[in-house]
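Undergrad:
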Amino acid sequence: MWPASALSSIDAFSRGHCLLHAANDMIQPAQAPPPPPPPTPPPPIFASLPSQVSKFSSTTRAKKLSPYELQQSASKNAKSFDEQVAEACQMLKPVLELDGNLLQPRTHHYVYCSSRHAHGLLQDGPQCGLVALTMAMTALNPSGIISTLTILDKARSKGVTKHGEMFSAQALADLANDFCTLAKAKEETIAMVDSSDILNNPVELMNFFIADEKSLLLVPYDSDFNQHPCVKEGKRAHWAILLGFVLTASADKETESIDCQQINENVSLLNNGAVNANFWAKSESSELKVLARQGKSLRLFLFDPRTLWTSNYNLKAWEPTQEDERHYVLPDGGISEGLKGKLVKLMLKARNK
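First residue of the sequence shown: 1, per UniProt numbering; consecutive thereafter.
As structure tokens, this is what we get:
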């Protein structure tokens, strides 16, 4: 056994050693807490979206819709004829207000349309003239619809186009005569005429539409970015079909008694026999627009006829490059000879008239 004095010495040493450790702990600085873990990387951009979204995005980039699928999709969303007429007249309001001619508190739009069967049709490539002709053929004879591809094949066989381009009003009139297979009880007139004889004369323009059962005009013009007529010397040559006209006038006792079918409080469709061109021409407050369709939109447009004529008459300066000449068919003299000052007149009338 250890002597008592030895045990006492060991005990004192142990207590001193513990006190030394405690002192060392007290004088050492406290250690800093460990740093936080680094942030996790952000998730992929499509990670928070449903899986079908990313799948849809990849498939739509890979799949190109055919012209038929595009047309079907657009047609499903197209508005009715009455809705399109009302929308076109509504879009006309700020133009008339800026013009300053119609400042009356109450104005009304009176619409005359030769045929509601000229439904909107979208073009695929440079086919505006052939699409306009397709719409015209459908309007004249709804039971015998002809496709744009059928007209394109015929035009290629005649050597007047390669991809659907149509730089000759006479060639388009000839194509119309090739496809005009109407009912035997009717007769038709299809011809290329001088645009100034109709577009520059409001009375002649109205009388053209109301004179026969169905009267339509195919008009080449310069198309601006919004498809309205512009003057760019033919660099944006385009085709439209004219279906009728819209008269905007102050609502008074004379106009309110006219035979028409009301679409809404501001728009009415004039019935057959209700239009007197001389009456409207004498009205100083009336404003005349033409009702048009063209192949870059399914909606109806309202064009100023004189602005349209100015655009038509400036189709002169487009000069093809050697590359264009290999891809397009142009008449002798270019578009100045083929389109400037020209339009195609289509009329369907009863033989007993």
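Just so you know, even glycine gets a beta-carbon here, dropped at the ideal spot from N, CA and C.
Keep in mind it's a predicted model, so treat the numbers as computed, not measured.
(1) Taking just the CA atoms, how far does Leu122 sit from Ile190?
(2) Do Ala249 and Tyr221 have their beta-carbon atoms positioned less than 8 Å apart in this structure?
(3) According to the neighbour-count rule (16 or more other Cβ atoms, all chains shown, within 10 Å of its Cβ), is Gly129 buried or exposed?
(4) I'd like the span of the alpha helix (DSSP H) that includes Asn207, first residue to last.
(5) Check whether the Cβ atoms of Leu218 and Leu133 sit closer than 8 Å, and answer yes or no.
(6) Taking the CB atoms as reference points, tell me whether Val344 and Ala169 lie closer together than 8 Å.
(7) What span of residues does the alpha helix (DSSP H) with Gln170 cover, start to end?
(8) Using the three-state DSSP reduction, which class does Leu199 fall into: helix, strand or coil?
(9) Mapping DSSP to helix, strand and coil, what is Lys157?
(10) Report the rounded CA-to-CA distance for His117 versus Met137, giving the unit in angstroms.
(11) Is it the case that the Cβ atoms of Leu298 and Leu242 are separated by a distance below 8 Å?
(12) Assess contact between the stretch 301–311 and the stretch 223–235, defined as three or more Cβ pairs (one per stretch) separated by less than 8 Å. Is contact present?
(13) Just checking my contact of Ala155 with Leu140 at CB under 8 Å: how many whole Å lie between their CB atoms?
(14) Let me check understanding here. Comparing Cα to Cα, which of Lys158, Pro142, Val111 lies closest to Ile258?
(15) Lys289 to Phe303, Cα distance in whole Å?
(16) Using 10 angstroms around the beta-carbon of Thr59, count the other beta-carbons present and answer buried if the total reaches 16, otherwise exposed.
(17) From the DSSP secondary-structure annotation, give me the bridge partner or partners of Asn264.
(18) Could you give the C-beta distance for Asn201 and Ala86, rounded to a whole number, given that I count them as a contact under 8 Å?
(19) By DSSP, does Val290 sit in helix, in strand, or in coil?
(20) Could you check where the beta strand (DSSP E) with Ala136 kicks off and where it finishes?
(21) Determine, using beta carbons only, whether Leu339 and Phe209 come nearer to each other than 8 Å.
(22) Since Leu348 and Glu213 should fall inside the 8 Å C-beta cutoff, what is the C-beta to C-beta distance between them, to a whole number of angstroms?
(23) With DSSP as the reference, please indicate the residues paired to Cys230 in a beta bridge.
(24) Where does Gly295 sit, in a helix, a strand or coil, going by DSSP?
(25) Quick check on Gly341: buried or exposed, where buried means 16 or more other Cβ atoms within 10 Å of its Cβ?
(26) Just verifying my parser: in three-state terms, what is the DSSP assignment at Ile145?
(27) Tell me which residues share the same chain as Gln261 and place their Cβ nearer than 7 Å to its Cβ, disregarding the 5 neighbours each side in the sequence.
(28) For Met135, count the other beta carbons within 10 Å of its own beta carbon; 16 or more makes it buried, fewer makes it exposed. Which is it?
TA: Straight from the coordinates:
(1) Just so you know, the alpha carbons of Ile190 and Leu122 end up roughly 24 Å apart.
(2) Result no, Cβ atoms of Tyr221 and Ala249 do not sit closer than 8 Å.
(3) Of the residues assessed, Gly129 falls on the buried side of the cut-off, its CB having 16 or more other CB atoms within 10 angstroms.
(4) 202–211 is the extent of the alpha helix (DSSP H) around Asn207.
(5) Going by C-beta atoms, Leu218 is nearer than 8 Å to Leu133.
(6) Closer than 8 Å, so yes.
(7) It spans 169–179 - the alpha helix (DSSP H) in which Gln170 sits, taken as one unbroken run.
(8) It is helical.
(9) The question names Lys, but residue 157 is Ser in the sequence shown. Helix.
(10) The straight-line gap from Cα to Cα measures roughly 10 Å.
(11) 8 Å or more divides the Cβ of Leu298 from the Cβ of Leu242.
(12) Contact holds: three or more Cβ-Cβ distances are below 8 Å.
(13) Contact between Ala155 and Leu140 is ruled out by a C-beta separation of about 18 Å, above the 8 Å threshold.
(14) With distances taken between CA atoms, Ile258 lies nearest to Val111 out of Lys158, Pro142, Val111.
(15) For Lys289 and Phe303, the distance between alpha carbons rounds to 5 Å.
(16) Low confidence applies to Thr59: its pLDDT is 35, below 50, so where it sits in the model is not reliable enough to give any reading.
(17) For Asn264, which the question treats as bridged, DSSP gives the partners Val267.
(18) Not quite, the Cβ-Cβ distance comes to about 28 Å (not below 8 Å), so this is no contact.
(19) In the structure shown, Val290 falls within a strand segment according to DSSP collapsed to helix, strand and coil.
(20) From DSSP, Ala136 is part of no beta strand (DSSP E) but of the alpha helix (DSSP H) over 128–140.
(21) No.
(22) Yes, they are in contact, since the Cβ atoms of Leu348 and Glu213 sit about 5 Å apart, within 8 Å.
(23) Partner residues in the beta bridge of Cys230, as assigned by DSSP, are Asp222.
(24) In this structure, Gly295 counts as coil in the three-state DSSP scheme.
(25) It counts as buried.
(26) Assigned with DSSP and collapsed to three states, Ile145 falls in coil, not helix or strand.
(27) The beta carbon of Gln261 sits closer than 7 Å to the beta carbons of Ser268, Leu269, Asn271 from its chain, once the five residues preceding and following it are set aside; these are given in chain order.
(28) Buried.
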